[in-house]
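Numbering (this note's numbering), first residue to last: 228 to 303.
Cβ coordinates follow ideal geometry from the N, Cα and C atoms, glycine included.
Keep in mind it's a predicted model, so treat the numbers as computed, not measured.
Note sheet for the following structure.
Spelled out as structure tokens, the structure:
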């Protein structure tokens with residue numbers, strides 16, 4: 228859903244790599260939960276919750292995440 232005009236919705240995009248070798252691009256995570264001592268680790272929980280909702284709706288099991296990479300970052 229698009230942000231309302233004048234709002235300051237701020238998201239960070241991540242590419243998600245799964246243990247089966249698949250990849251999902253541009254997953255949105257609210258910027259306010261990132262940073263601090265945990266860095267980008269809180270993004271994993273948010274994306275796992277998103278994946279669980281998608282899996283529930285589709286009737287398929289959620290895939291295990293192997294790596295998260297900021298869209299502006301480089302894969303390690």
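Please list, in chain order, all residues of the same chain as residue 273 whose beta carbon is under 8 Å from its beta carbon, the five residues on each side excluded.
-> The count along the chain shown starts at 1 and reaches residue 273 at position 46. Cβ neighbours of residue 273 beyond the five flanking positions: 256, 257 and 260.
Going by beta carbon distance, what residues of the same chain come within less than 7 Å of residue 292, once the five residues before and after it are set aside?
-> Start at 1 with the first residue of the chain shown, and residue 292 comes out as number 65. Contacts found: 243, 245, 271, 274 and 275.
Below 8 Å CB to CB, which residues in the same chain sit around residue 250 once its five sequence neighbours on both sides are set aside?
-> Position 23 of the chain shown, counted from the first residue, corresponds to residue 250. Cβ neighbours of residue 250 beyond the five flanking positions: 242, 243 and 244.
Report the option in 269, 290, 297 and 295 whose CA atom is closest to the CA atom of residue 247.
-> Stepping through the chain shown from its first residue, residue 247 is reached at position 20. It is 290 whose Cα lies nearest to the Cα of residue 247.
Bridge partners of residue 296, per DSSP?
-> Your numbering for residue 296 matches position 69 in the chain shown. 242.
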